[in-house]
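Asks: One structure, as structure tokens, below. Some questions next.
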Amino acid sequence: MSQQAIILMILVLVIVLLNIHSFYLFYKDKQLSKTGAYRISEKRLLSSSLLLGGIGALWAMRSFRHKTKHAKFIWLVPLSAVITTVVVVCLLFPILQELKLQVLV
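So the sequence shown is numbered by our numbering: it starts at 216 and just counts up by one.
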């Protein structure tokens, strides 16, 4: 496997970690909302989503039914999930092409 493929795989791993972090932020905010404690700001939740954590944020929104009535979350989180998916596919495509070529050789 080439050095470029390894770097791309590391980037994909970083994006996976960003999504786990985003999922956790939405989960934690939902738990805090139940107790009336200090909450995670909407700005931070949206930022984590827009910084390639969109898949985790969308998954958390749907799983915990959290922030599902706020217009900016209804539009921005799914959009960020699409952007995240496109970025991951673009990063994985060269790796898959390289693996395919190695299998054929």
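Ideal placement from N, C-alpha and C gives every residue a C-beta, glycine not left out.
All of these numbers come straight from a predicted model, not from anything done at the bench.
Using alpha carbons as the reference points, say which of LEU232, LYS243 and ASN234 lies closest to PHE279.
Replies: Residue numbering aside, residue 279 sits at position 64 when the sequence shown is read from its first letter. Closest by alpha carbon: LYS243.
Asks: Between LEU291 and the rest of its own chain, which residues show a CB-CB distance below 8 Å, the 5 nearest in sequence each way excluded?
Replies: Residue 291 sits at position 76 when you count from the first residue of the sequence shown. LEU261, SER264 and LEU265.
Asks: So, do the stretch 295-315 and the stretch 265-276 have three or more beta carbon pairs nearer to each other than 8 Å?
Replies: These segments touch.
Asks: Output yes or no for whether 8 Å exceeds the beta carbon distance between GLY255 and LEU240.
Replies: To locate residue 255, count along the sequence shown from 1; it is residue 40. To locate residue 240, count along the sequence shown from 1; it is residue 25. Note that residue 255 is Ile in the sequence shown, not Gly. Cβ distance < 8 Å, so ILE255 and LEU240 count as in contact.
Asks: Could you have a look at VAL269 and say whether DSSP puts it in helix, strand or coil?
Replies: Position 54 of the sequence shown, counted from the start, is the residue given in the question as residue 269. This sequence places Gly at residue 269; Val is not what is there. If DSSP states are grouped into helix, strand and coil, GLY269 belongs with the helices.
Asks: What is the C-beta distance between LEU311 and VAL227, in whole angstroms, given that I count them as a contact (C-beta under 8 Å)?
Replies: For the purposes of this step, residue 311 is taken as the residue at position 96 of the sequence shown. For the purposes of this step, residue 227 is taken as the residue at position 12 of the sequence shown. Going by Cβ atoms, the distance from LEU311 to VAL227 rounds to 11 Å, so no, they are not a contact pair.
Asks: What did DSSP end up calling MET276 once you bin it into helix, strand or coil?
Replies: For the purposes of this step, residue 276 is identified with residue 61 of the sequence shown, where counting begins at 1. Helix.
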